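> Numbering-wise, the sequence shown is residues 113 to 301 according to my numbering.
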Amino acid sequence: MRDIATNSILPEPLFSRIRTEQQTVSSRYSSMRAMDWPPHITIAQRVSIPDDTFDSVCVQMRDACSRIQPISLSLGKRWLVKTEDTPFENPYVIAYSVDVTSALNHLHHEIQETVLGKFSPTGYLIRGYHPHVTLAYRDLTQSNYEQAKMDFNTSPEPTPVSFRLSNVDFMEKQSDGHWKSVESFSLGK
């Protein structure tokens, strides 16, 4: 079985800006987990795909993505939240919201329901789709979360950024604990 995360890795220069913020948040609030991933937006729930069907799922993904045009999105405000119904000891998240568009919802639905729907989730509860870009999660303690909340409430929001989502990636955890793209699918091609 292959544990596959379906994400869209952010384009440059936004990728570098978010990575720098992740490093700052990681250092300031002792939360390293977000550094295991390249800056991204989650497109669909993680699933387990049998090894012998992975190639055919990639063909289906390529076909689905080719029918969807690249999507213009905006990175929204900072989002600090305690998640509910989570299996994690520290359910605190620091992230940026992503403006939900009908095109992004359509992409999510096509991939989650049409391509990946037959595979079992990997330990996550199925919830509504809430696209975001994570700065810190899972290992963010309550006290560090509260400190971040105070710091962010007294600092100005960064300037909103628009960008184009043009790829969707299958990502897999590597032996070093970091997640890496193992297949990339272009939108509209």
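All C-beta atoms, glycine included, are put in the ideal place defined by N, C-alpha and C. The structure displayed is predicted, hence computed values, not measured ones.
1. Tell me which same chain residues have a C-beta within less than 8 Å of the C-beta of G289, skipping the five on either side of it?
2. State the beta-bridge partners of S293 as determined by DSSP.
3. Using 8 Å as the Cβ pair cut-off and three pairs as the minimum, do the segment 151–158 and the segment 243–251 touch?
4. Hey, quick one: how far does the alpha helix (DSSP H) through I130 stretch, first residue to last?
5. Could you tell me the distance, in whole angstroms, from the CA atom of L122 to the CA atom of C170?
6. Hey, is the segment 176–190 in contact with the segment 132–145, meaning 3+ C-beta pairs nearer than 8 Å?
7. Under a three-way DSSP split, which group does L122 fall into?
8. In the DSSP assignment, what residue or residues form a beta bridge with A207?
9. So for R145, helix, strand or coil by DSSP?
10. Kindly give me the distance between the Cβ atoms of Y208 and K194, rounded to whole angstroms, as I take these residues to be in contact under 8 Å.
11. Enumerate in chain order the residues of its own chain whose CB-to-CB distance from D211 is below 7 Å, with the five nearest sequence positions on each side excluded.
12. Is it the case that the Cβ atoms of S143 and D251 are separated by a distance below 8 Å?
According to the structure data:
1. D148
2. M283
3. yes
4. Here the alpha helix (DSSP H) through I130 covers 126–141.
5. 21 Å
6. In this structure the segment 176–190 does not lie against the segment 132–145, because fewer than three pairs of beta carbons, one per stretch, are closer than 8 Å.
7. coil
8. W191, T246
9. helix
10. About 17 Å separates the two Cβ atoms, so there is no contact after all.
11. L185, S186, G188
12. yes
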